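A short worksheet on the structure shown next.
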Ligand code: ADP
Ligand code: MG
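In UniProt numbering, the protein residues as written are 57 to 730.
As C-alpha cells, then:
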C-alpha cells in the first residue's frame, strides 16, 4: 500500500507536516514504469555482471540516470549482498533520507525495514535492513566500532566527486578493510565508487587500477546565458531573473534556483511570494530544499504542481548532483556556494560564500536538460566563469581536521601513514593534532593514542570542541544548560527575522537578550520554547523558527542519551551563567578575540577585534553584544563568517582571566604569539 504514509520518522518526531508526508501518490505500477525508463535499468544485466566480477569498481553516470536509487535495488534483487548489508553513502543528510524514502516506495516497503537510512541524530533502520543509505560521516562513525565494517558485504561510496573529508577518509578505510578481510579470510568486501563526474585517473590509481564503467546518459541540450554585467547582489539578481522568466515562459516550465543556505532561501522565498501577488504570469508554488528541512517538506519538491502552476525550487547545492528533480526547464545559477575553509596554521575557521567551480556550474546547468531541452541562466559573466577553478578543492585540503583525525585515531589508524588520495597540508594536520592534544583527547602529537577523555569525545557525533564542552560540564554543574546550548548551536538560526517586520522582530527578541551575549540569549530562547505550551503559535508570536527549535530538541535528546551512557551527571547551574561560559571556553578556547588597542580603546572601536590567529574581526550586527557599551574587552565567538569583512557570530563576553584558568597551556602559547 504505497499510499499510506511511509514516513514513520516524521510522525514520531513530532514534525508538523504529516499531511504533506502523504505526497507519494504514485502507484506501484507508476513507480515500476518509471524505473524501467532509467538508463541504469536498460543496462542492468551488464552492470550486474560487472558487479559480480569485480571486487572494486568505479561507476560514472550523468545525474539522474538511476545510480543511487537503482543499483542498490538491482544488487538486492539478485541477493548479491548475501548475508550482509549494502551500505550506500551520501555526503548530505537530506539526500540520504529522501533517496531511502524513494527506494522504499519503489520497493513497496516501509522505510526502516528492508530499506533504511542512518544520518546524524536519526537512525531509521532495523536488523532486517539490507539496503542502508547513510551519510559518509555516519559510516565513518561505524568504522570506529568496527574498522573492518564486517556487517557490510557491499559498500557504495556515492557522489565521490564531492570529495568531502568523510568520503576521502572512507576511501582509505574501505580499501584497508577490503584487504584485511581478504587476508584474514573473512567475508569479502565489494567496493563500488559512484559519481556524476570525476577525475577518474587519480581514483583508478588509488584503487589498484580497478575497472571504470561509464553509463550512457540521456540528456537534452541546455542553452546557457550569462549576465552581461557583474551582479553585486545575487539574491536580488535571482529574484529579478525569476520574474522576468516568469512573465515570458509557459507555466509548465519549472525553475530551479541555486542559493547557498536556509536563511537565504527563506528570504528569497518570502520575496517571491510578495512579488508574486502582483506579478503577471501563472500562479507560483515555491519549494525550498536544503539540508535542515524536515523530511516531509523535502518531499514537496518532487510533487507535481497543479496544472497551470509554476513550481520554483530554491535549493542549495544538494540539487547539483545528489538528488534529481524532474521537469526542471530553467536553472538559475547564482554561481555561489557556502564553503567551510580553514587556514591551518592560524586555526581560523571560516564559513564563506564563494564562487563555485566550473564543474559545479556545468552540473547545475545540466539539471535543466533531464527530461527536455532547457536553459540555464548564470547570474555572473562569461569571463567570471572562465576565471573560476575547474574543480572545487577537496574539502580535506581546506577544512579543520580535528574531528576527522579523532575518528581516524579512534578507528585505530595512524594519521601519518593512513592512505589518503590527497594529503592535507602538514600545517593543517599539525594544528589539528595540537588542538586535540590541548583538548586532552590524545596523549601525544606523534603516534597519538586516544586518552580516556578522547575516547568519550569520539562517541559524540559533534566536533571535538563541543564534545569536550559536554564532558567538562559536570565539573561546572551545567550539563543541563550545555546540552540545550549545543543542541541549539547544532541547528540553523532559531531567530526568524522577516525583512518586512524587522523592527518588530528585533523588539520582540529583546526579552530574550542577555547582557552576557548570544549564548545565554540562545539558552533563554530554548528554555522558553521548552516551557511554551502551544509551541508553533508561540514561535510565531516571538519571531522564532519553530522547525529549527524542534530540531534542536531532538538533537538534545540524542546528546542526552549519549551522556547517560557515559554516566555523566546532568545538573543545572541555575542562573550562574558564568559557569556556562567558562564551560564553553573549555572546548572553544581557540575562539577568543581581543578588542583592538585593549579596553582603553573605548566605545569608539566597538566591534573591532583581533582573533587569536591575528585576524581582524567585527561583531556581527545581529549579535546581542553589538550595542553593548563599553564594548567587552574579550569575546568568545562560535563562528567566523567572511563576507566583505570578517564577522564573529554567536558571541559572548568573557573575563580575561578565564582563558588562563581553563586552558593555561593554550593561553601561554597565545600570549607568546600576540
Ligand atoms: P543518479 O544517482 O544517477 O543521479 P537517482 O538514482 O538519484 O540518479 O535518480 C534516478 C531518477 O529517479 C531521477 O531521474 C528521478 O526522476 C527519480 N527520483 C529520484 N528520487 C526521487 C524522489 N524522491 N521522488 C521522485 N523521483 C525521484
Ligand atoms: Mg546519485
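Heads up, the beta-carbon is just placed ideally off N, CA and C, and yes, glycines get one too. None of these values were measured; they are calculated from a predicted model.
Take residue 219, set aside five residues on each side of it, and the residues of its chain with a beta-carbon closer than 7 Å to its own are 450, 451, in chain order. By alpha-carbon distance to residue 624, the top candidate from 87, 408, 527 is 527. Taking non-hydrogen atoms of the ligand ADP into account, the C-beta of residue 86 is found less than 8 Å away from none of them.
At least one heavy atom of the ligand MG lies less than 8 Å from the C-beta of residue 119.
Around the beta carbon of residue 531, a 10 Å sphere encloses fewer than 16 other beta carbons of the protein chains shown; the residue is thus reported as exposed. Taking every protein chain shown into account, the CB of residue 385 has 16 or more other CB atoms within 10 angstroms, so this residue is buried. Counted as a single uninterrupted DSSP element, the alpha helix (DSSP H) harbouring residue 620 occupies residues 602–621. DSSP places residue 285 in the coil class of the three-state scheme, outside both helix and strand. The segment 137–144 makes contact with the segment 201–216: 3 or more CB pairs, one atom from each, lie closer than 8 Å. The beta carbon of residue 255 sits no closer than 8 Å to any heavy atom of the ligand ADP. Residue 200: not part of any beta strand (DSSP E); member of the alpha helix (DSSP H) spanning 192–201, first to last residue.
A Cβ-Cβ contact shorter than 9 Å links residue 314 with residue 390. Residue pairing by DSSP places residue 648 opposite 692 in a beta bridge.
Here residue 438 has 282 as same chain residues with Cβ atoms under 6 Å from its own Cβ, once five neighbours each way along the sequence are excluded.
Setting aside the 5 residues that flank it on each side, residue 336 is surrounded in the same chain by 303, each with a C-beta closer than 6 Å to its C-beta; the list follows chain order. DSSP places residue 100 in the uninterrupted alpha helix (DSSP H) bounded by 100–109. Spanning the alpha carbons of residue 159 and residue 131 requires a straight line of approximately 13 Å. Pairing residue 558 with residue 224, the inter-Cα distance amounts to about 43 Å. Fully enclosed alpha helix (DSSP H) runs of no fewer than 4 residues occupy 149–162 of the segment 136–194, in order along the chain. In this structure, the alpha-carbon of residue 120 lies about 19 Å from that of residue 102. The alpha-carbon of residue 609 is positioned some 26 Å away from that of residue 697. The beta carbon of residue 415 sits closer than 8 Å to those of 217, 253, 446, 447, 448, all from its chain and outside the five residues before and after it, given in chain order. Each residue's CA atom was taken as its position, placing residue 611 and residue 596 some 22 Å apart.
Ranked by Cα distance from residue 165, the first of 181, 177, 174 is 181. Straight-line spacing of the CA atoms in residue 92 and residue 99 works out to 10 Å.
The three-state secondary structure of residue 251, taken from DSSP, is strand. Assigned with DSSP and collapsed to three states, residue 348 falls in coil, not helix or strand. Within the same chain, Cβ atoms closer than 8 Å to the Cβ of residue 146 are found at 124, 152, 155, 189, 190, 191, 192, 214, 215, 378, the five residues on either side in sequence being excluded. DSSP lists 141 as the beta-bridge partner residues of residue 208.
Taking the CA atoms as reference points, residue 489 sits about 49 Å from residue 329. Cβ neighbours of residue 582 within its own chain (closer than 8 Å, five residues either side excluded): 540, 541, 543, 544, 550, 605, 608. In terms of side-chain proximity, the C-beta atom of residue 166 is found no nearer than 8 Å to any non-hydrogen atom of the ligand MG. In the three-state reduction of the DSSP assignment, residue 395 falls in the strand class. The beta carbon of residue 682 lies closer than 6 Å to those of 675 in the same chain, with the five residues before and after it left out.
Counting the other Cβ atoms within 10 Å of the Cβ of residue 320 gives 16 or more, which makes it buried.
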